[in-house]
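Residue 294 in my numbering sits at position 169 of the sequence shown; the count goes up by one each step and never skips. These notes are about the structure you will find just below.
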Amino acid sequence: MRYVGAGVLASAVGMDKHFMKLVLAGQGLPVAPYTVLRPGEFEKNPQAWTETVAGLGLPVFVKPARAGSSLGISRVDDLADLPAAIAEAQRHDPKVLVEAGVVGREIECAVLGGRGGSRPRASLPGEIVVTGADHAFYDFEAKYLDEAGVELSCPADLPSGLVEEVQDVAVRTFEAVGAEGLSRVDVFVTDDGEVVVNEINTMPGFTPFSMYPRMWEKSGLNYPDLIDELITLALERPTGLR
Ligand SMILES: Nc1ncnc2c1ncn2[C@@H]1O[C@H](COP(=O)(O)OP(=O)(O)O)[C@@H](O)[C@H]1O
Ligand SMILES: [Mg+2]
Numbered sequence: 126m127r128y129v130g131a132g133v134l135a136s137a138v139g140m141d142k143h144f145m146k147l148v149l150a151g152q153g154l155p156v157a158p159y160t161v162l163r164p165g166e167f168e169k170n171p172q173a174w175t176e177t178v179a180g181l182g183l184p185v186f187v188k189p190a191r192a193g194s195s196l197g198i199s200r201v202d203d204l205a206d207l208p209a210a211i212a213e214a215q216r217h218d219p220k221v222l223v224e225a226g227v228v229g230r231e232i233e234c235a236v237l238g239g240r241g242g243s244r245p246r247a248s249l250p251g252e253i254v255v256t257g258a259d260h261a262f263y264d265f266e267a268k269y270l271d272e273a274g275v276e277l278s279c280p281a282d283l284p285s286g287l288v289e290e291v292q293d294v295a296v297r298t299f300e301a302v303g304a305e306g307l308s309r310v311d312v313f314v315t316d317d318g319e320v321v322v323n324e325i326n327t328m329p330g331f332t333p334f335s336m337y338p339r340m341w342e343k344s345g346l347n348y349p350d351l352i353d354e355l356i357t358l359a360l361e362r363p364t365g366l367r
């Protein structure tokens, strides 16, 4: 059976934030510093782990390795809150990532596979601006419940050199995980213009209001043409061991 979405390997890598970071860092893509807590490790030696986490600098983001929609993610500004944040993440996945907080704008870029083996294509980037005072970051409520508290602006107001840099990082991220068809690459852009990959979503939200189709619309590819393009890519793809 042929399918429109991303490859199985890409899904597996993209869905485990730990493996995703290993693959990206291994190919020279910039990711935030982090540490991994495997099941039971923190509980065995909380003091040593707290020191390791302190070494990342505060705030840190504590995340389940395999989840989504910001579920189980906490921003920790005070190390006293670390055990509770780890316990919360563990409710979603026994493997937990603790990541250095990146100060920067949240920028997303839609990537489409290339036709006939050509380079994947990147859309104009969009930006997530969390405006609601109740949200310390782009959390579950900001994503799905508090429409007024978040602004999705597309195209993002970035200097032209940075647009190309985000697009290049997005395409290299897509290729690094062996993605196929479509993916949304989410990055941070820091004040000094550094692009840091937050994650790749190998099956991004795809309602007409979602960022993925909206970014393509702003890039000159409307919703029906985007669907056509994805079907063409799927038909072009040879069947293989997946
Ligand atoms: N290292 C980080 N620095 C700053 N903010 C972060 C960091 N990691 C996550 N966030 C915030 O948390 C949100 C959700 O994290 P993310 O890793 O994208 O999880 P999910 O897969 O659930 O979307 C991000 O959109 C961002 O607002
Ligand atoms: Mg995300």
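Beta carbons: idealized from backbone N, C-alpha and C, even for Gly. As the structure is a prediction and not an experimental result, all values here were calculated from the model.
1. Got a sec? Which residues, its chain only, sit under 8 Å from residue 183 by beta carbon, not counting five neighbours each side?
2. Can you tell me the Cα-Cα spacing of residue 342 and residue 181, whole angstroms?
3. Would you check if the stretch 206-213 and the stretch 280-296 touch, i.e. whether three or more CB-CB distances between them fall below 8 Å?
4. My understanding is that residue 329 touches residue 308, with C-beta atoms under 8 Å, so please give their C-beta distance in whole angstroms.
5. Hey, residue 219 and residue 164 are a contact pair by Cβ (cut 8 Å); roughly how many whole angstroms apart?
6. Which first and last residues belong to the alpha helix (DSSP H) in which residue 353 is found?
7. For residue 212, report the span of its alpha helix (DSSP H) as first-last.
8. By DSSP's criteria, residue 159 is part of a beta bridge. Which residues make up the other side?
9. Checking the sheet assignment: what are the DSSP bridge partners for residue 219?
According to the structure shown:
1. 201, 202, 203, 204 and 226
2. Straight-line Cα distance between these residues: approximately 39 Å.
3. no
4. 7 Å
5. Between residue 219 and residue 164, the beta carbon gap of about 4 Å places them in contact (Cβ cut-off 8 Å).
6. 348-361
7. Per DSSP, the unbroken alpha helix (DSSP H) holding residue 212 starts and ends at 207-215.
8. According to DSSP, which records beta bridges pairwise, residue 159 is partnered with 224.
9. DSSP, once it has assigned bridges, lists no residue as partnering residue 219.
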